[in-house]
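Residue numbers for the sequence shown follow this note's numbering, beginning at 12 and rising by one. Yeah, the Cβ is synthetic: ideal placement off N, Cα and C, and Gly gets one too.
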Amino acid sequence: MTPRRFWPLLLIVAIACGIVGIANPGPVAGAPPAQTAPGVQDLGALNPNAIEVQPLVRLAKGGAPPPPPPNACTPTTCAAQGKNCGTIPNGCGGTLTCGACTAPQTCGSGGVTNVCGLGTPPPAASAQCTATNVSGNPYSGTLCGGAFIDNCTPGALYSCTGGARGTINNCTLTQTCSTGCLTGVNDTPVTANIGFATPVASDTCFADTAPLTLSTNATIGGSYVTLTATLTQPHLSAFVNFEGATLDVPPLCGNLIPLTIAAGATSVSWVQPTGVVTTPTTVPLNVLISYTEAATGRLRNLVSVGSPLTLNPGGTLPVPPLVSFSITNAGGTPISTIPGGTNAFASGTLPPSTPAPVGGTRVTVTSSPASAFVTDGSFVILPACTTNSDLGVLTATSSVLSNLPATVSATTGAGAILTQNVVVTPPVLQIQSLTLTPGAVIGGGSLTATVALNRVVQATDASSTVSVRVSPGSPSNVQVATFAGCTGTPACSGSFTVPIGANSASVTITTSAVSAQQFVTVSASAPWSNSSPGAQLTINPAGAPLPLSSVTLNPTSVVGGNPSTGTVTLTAAAPAGGAVVTLASTGAVASVPASVTVPAGATSATFTVTTPVVMGLAAQSDIIATFGGVSRAATLTVTPSTAACTPTTCAAQGKNCGTILDGCGGSLVCGSCTAPQTCGGGGVANVCSLGTATTALLTVTATGRAGESISSSPAGVNVNVGTTGSASFASGASVTLTVSNGRTAIWSGGCSSGGAKTKSCTLTLGAATSVTANVQ
């Protein structure tokens, strides 16, 4: 303990050394403990009973001492905090940058912030695998997995031993590479050695920039991920083949869009949509970059290690907005006017950063007024991965007699509704149809031939004169029909003019008595018309039954959900027992009974045409009636309703397979049938039944590696990559599909490999089936 009498001495010594102590009356409540300057002993520590002293400061020469500095702070370090990526606070009010991660690791993906890690570790490399050339000859040497016809782990090195053709598991894992592997300059190409020679490989690990990087290794399912393929080696050309499991990221966009890395470039990127998942799912991804080496001109393959992409639950599929929308003619030129009755073509574009997601993007196209354009449907689905697509064909109404301004709109339901203004002008005058009433007569009788135009004749039309030709009878080849002013034999021709303000004109055709049935073709033409319609006249001998004369609809246009009444008319009274007229509809927007019976002694009968509610654009369907070998048709137009629409259900319609309309402009998928039942096989559309089908159609689409093909056993299907082919097989038959040259494929559709790569896939055909094979 230092006596108080020595304190002045200590102070003098301190001053002599250039420092001075300033008494501290005591710590401030809540303040941090006082710190001692380096090299200065804390006097309070020597004597707990002494008055505390502050750190001593050097006197400014010739003046008073400066104010005391704030408490000194020593910044922390990344190593001290166990961090190796990203930015963290330094503990003194600043920040520290702790570096970046090497792919496939990302910062914090292992669950610890600012620490490099893998969201999910990449799958372990296969211990053994098989690697061959196109002839099936096993490779020998050090081989890069994924670069040949092999089932080895991509990006790993294997020691392979040659052997007899068909040898399997000829390769053993020797090294897992950090970023990937590269084939040697003198490797035997996979397409060479078609004979019995042993192909060789001398490959190495690749230690340069990672061939494949992901913008993230973990994301919510449904989100977009940007993938980048990188090639730093000098090259003349390079092709990128993107590979990976397709379970949760169908399809792989990198293979739908041709990906190349041009000479002088080092990378190419693309955006990949992902699927929504209910549990965390990891998808291994890798690329095979085939390039021509600039120095040697030799083909080399660079294969990346698997980069796992973890998809987490909780997401939803995005709805990207349209960023452009256009209306063009058939040549692709944008238009602002269109003649009535002609076709326009709609197309739209999504942002490059948000292509259509898994399942595609629905685009709704409408017009105002709705009557300005007619289409088969009011919406289209842009396929997954696409950013631009055709949005359907729009047919301008042919009923306008003066210019009709219209606005065509398109939207995905997100972002702005895009519009194009198009003026529908009166259609170019055309011959629309020629009808014969009745279509069959007893020889010696007469009938009316009516030529209908697509619109009324206007004073501005250059001509409306129509030429009508009547052919000789068949098979007699003699003249059996004619009309006033028709000259020539055995065929004759004559003309008449459709007057201004009218859209049709008629002539009376007289026939001669015949001893056997004769067929005559009556046709109409004009220099100003691109169409020359015709109709067949049946001339029967006396006593022969007379077939169908016409089918009409009232009204010819209805709002969806409302019915129309159809009437079939015979050329004469129906015989005893009645006449059964069969009915059909060409469009899904109109439904008719299978037949209607004209009672004995009557000449006509009626039936009801039912329609669903439609949304967007109007749609049309032809109602066809057939009797006595003669068919007649009438067109029904179904327009959209302005009222709210409640979609129907498959159950409400009694349907359990295939696709039906939902009554609101959309469609419903009602499921599939279990073999040997087929959809509609019992004669009822969209209902599963055994039916009487004895064959089933198999359709195969081959994608992926060029130069390969898919064949079937039993024979029937042989499809090259990039094409689609079909063949019929006995219902219930077992069909095996196989990839050429021993390669593997990821199978989906009616024959699925569950995302695995297999050389073949076997299915039992019970109904029409489609299969897609992505050749690896």
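Status (buried if at least 16 other CB within 10 Å, exposed otherwise) for P604:
To locate residue 604, count along the sequence shown from 1; it is residue 593. By the neighbour-count criterion, in which a residue is buried when 16 or more other Cβ atoms sit within 10 angstroms of its Cβ, P604 is exposed.
Is DSSP giving C140 helix, strand or coil here?
Sequence index remark: in the sequence shown, residue 140 carries index 129 (1-based). In the structure shown, C140 sits in a strand (DSSP, three-state: E or B).
List, from N- to C-terminal side, the beta strand (DSSP E) runs of 3 residues or more that fit wholly inside the stretch 434-513.
Listed in chain order, the beta strand (DSSP E) elements of length 3 or more contained wholly in the stretch 434-513 are 442-448, 451-453, 457-464, 476-481, 492-494 and 503-508.
For C681, the residue or residues it bridges with in DSSP:
Position 670 of the sequence shown holds residue 681. Answer is none; C681 lacks a bridge partner.
Let me make sure I understand the geometry here. Which of T117, T143, P483 and T88 has the alpha-carbon closest to that of N752?
As a working mapping, residue 752 is identified with position 741 in the sequence shown. Ranking T117, T143, P483 and T88 by Cα distance to N752 puts T143 first.
Should V600 be labelled buried (16 or more other beta-carbon atoms within 10 Å of its own) or exposed?
Counting from one through the sequence shown, the residue named residue 600 turns up at place 589. Buried.
With a threshold of 8 Å, are at least 3 pairs of Cβ atoms found where one atom belongs to the stretch 492-501 and the other to the stretch 469-477?
No contact exists between the stretch 492-501 and the stretch 469-477.
Which class does G147 belong to by DSSP, given the choice of helix, strand or coil?
Your numbering for residue 147 matches position 136 in the sequence shown. Correct three-state label for G147: coil.
Looking at the strands, I want to know which residues DSSP matches up with D633.
For the purposes of this step, residue 633 is taken as the residue at position 622 of the sequence shown. D633 is bridged to T646.
From A636 to V609, what does the alpha carbon distance come to, in whole angstroms?
What you label residue 636 is simply residue 625 of the sequence shown in a count that begins at 1. What you label residue 609 is simply residue 598 of the sequence shown in a count that begins at 1. Whole-angstrom Cα-Cα distance: 12 Å.
Hey, could you find the ends of the beta strand (DSSP E) C762 is sitting in?
Sequence index remark: in the sequence shown, residue 762 carries index 751 (1-based). Careful: C762 lies outside any beta strand (DSSP E) and carries neither H nor E.
Return the CA-CA distance between P687 and A218, expressed in angstroms with no decimal places.
Position 676 of the sequence shown, counted from the start, is the residue given in the question as residue 687. Position 207 of the sequence shown, counted from the start, is the residue given in the question as residue 218. Distance between the alpha carbons of P687 and A218 is about 56 Å.
Name the two residues that bound the continuous alpha helix (DSSP H) containing C89.
Taking the sequence shown and counting its residues from 1, the one referred to as residue 89 is at position 78. Per DSSP, C89 belongs to the alpha helix (DSSP H) from C89 to Q92.
Over what stretch of residues does the beta strand (DSSP E) that includes V288 continue unbroken?
Position 277 of the sequence shown, counting from 1, holds the residue named residue 288. Where V288 is concerned, there is no enclosing beta strand (DSSP E), given that its DSSP letter is neither H nor E.
Residue closest to A629, alpha-carbon to alpha-carbon, out of I179, C155, T377 and G343:
Taking the first residue of the sequence shown as position 1, residue 629 is located at position 618. Measuring C-alpha to C-alpha distances from A629 to each of I179, C155, T377 and G343 identifies T377 as the nearest.
Taking the C-alpha atoms as reference points, what is the distance between A784 and K768?
Here residue 784 refers to the residue found at position 773 when the sequence shown is read from its first residue. Here residue 768 refers to the residue found at position 757 when the sequence shown is read from its first residue. Cα to Cα, A784 sits roughly 10 Å from K768.
Tell me the DSSP secondary structure of G73 in three-state form.
Position 62 of the sequence shown holds residue 73. Here the model assigns G73 a pLDDT of 42, short of 50, so the residue's position is not dependable, and the following value carries that caveat. Coil at G73, not helix or strand.
Is the beta carbon of G669 less than 7 Å from the beta carbon of C690?
As a first step, residue 669 is located in the sequence shown; it is residue number 658 there, counting from the start. As a first step, residue 690 is located in the sequence shown; it is residue number 679 there, counting from the start. Contact: yes.
DSSP state of G359, grouped into three classes?
Stepping through the sequence shown from its first residue, residue 359 is reached at position 348. Of the three classes helix, strand and coil, the one that applies to G359 here is strand, per DSSP.
Neighbourhood of P350 by C-beta, 6 Å cutoff - its chain only, sequence neighbours within 5 removed:
For the purposes of this step, residue 350 is taken as the residue at position 339 of the sequence shown. Cβ neighbours of P350 beyond the five flanking positions: T436, P438 and V439.
Strand pairing of I721, partner residues [DSSP]
In the sequence shown, residue 721 corresponds to position 710, counting from 1. DSSP lists V730 and V750 as the bridge partner or partners of I721.
Pick helix, strand or coil for S543, following the three-state DSSP scheme.
Taking the first residue of the sequence shown as position 1, residue 543 is located at position 532. In this structure, S543 counts as coil in the three-state DSSP scheme.
Between which two residues does the beta strand (DSSP E) holding P329 run?
Start at 1 with the first residue of the sequence shown, and residue 329 comes out as number 318. For P329, there is no enclosing beta strand (DSSP E), as DSSP gives it neither H nor E.
If you count every other CB in all the chains shown that lies within 10 Å of the CB of N60, and 16 or more means buried, which is it?
What you label residue 60 is simply residue 49 of the sequence shown in a count that begins at 1. Because N60 sits at a pLDDT of 39, beneath the cut-off of 50, its placement in the model cannot be relied upon, and the following sentence gives the value as read from the coordinates. Exposed: under 16 other Cβ atoms inside 10 Å.
Select from A662, C762 and A451 the residue whose C-alpha is nearest the C-alpha of Q529.
In the sequence shown, the residue the question calls residue 529 occupies position 518. The residue with the shortest Cα to Cα distance from Q529 is A451.
Boundaries of the beta strand (DSSP E) in which P100 is found, first to last residue
Here residue 100 refers to the residue found at position 89 when the sequence shown is read from its first residue. Counted as a single uninterrupted DSSP element, the beta strand (DSSP E) harbouring P100 occupies residues T98 to P100.
Can you tell me whether A83 is helix, strand or coil according to DSSP?
Numbered from its first residue, the sequence shown carries residue 83 at position 72. Annotated three-state conformation of A83 is coil, per DSSP.
Assuming T622 contacts N573 under a Cβ cut-off of 8 Å, what Cβ separation, rounded to an integer in Å, is found between them?
By 1-based counting over the sequence shown, the position of residue 622 is 611. By 1-based counting over the sequence shown, the position of residue 573 is 562. Contact check for T622 and N573: beta-carbon distance about 6 Å, within the 8 Å limit, so the pair qualifies.
Could you pull out every residue in the same chain whose Cβ sits closer than 7 Å to the Cβ of T277, ignoring the five residues on either side in sequence?
If you number the sequence shown from 1, residue 277 lands on position 266. T241, L242 and T243.
For L310, which residues of its own chain have a beta-carbon under 7 Å away from its beta-carbon, when the five flanking residues on both sides are left out?
By 1-based counting over the sequence shown, the position of residue 310 is 299. Hits under 7 Å: P200, S301 and T303.
How many whole angstroms separate the CB atoms of C84 and C109, which I take to be in contact at a CB cut-off of 8 Å?
Walking along the sequence shown from the start, residue 84 turns up at place 73. Walking along the sequence shown from the start, residue 109 turns up at place 98. In fact, because the Cβ distance is near 19 Å, the residues do not count as touching under 8 Å.
If we ignore side chains and look at the alpha-carbon of each, how far apart do L412 and N514 end up?
The count along the sequence shown starts at 1 and reaches residue 412 at position 401. The count along the sequence shown starts at 1 and reaches residue 514 at position 503. Near 12 Å, if we compare the C-alpha coordinates of N514 and L412.
G577: first and last residue of the uninterrupted beta strand (DSSP E) it sits in
Reading the sequence shown from its first residue, position 566 is the one you call residue 577. That run of the beta strand (DSSP E) goes S575 to L581.
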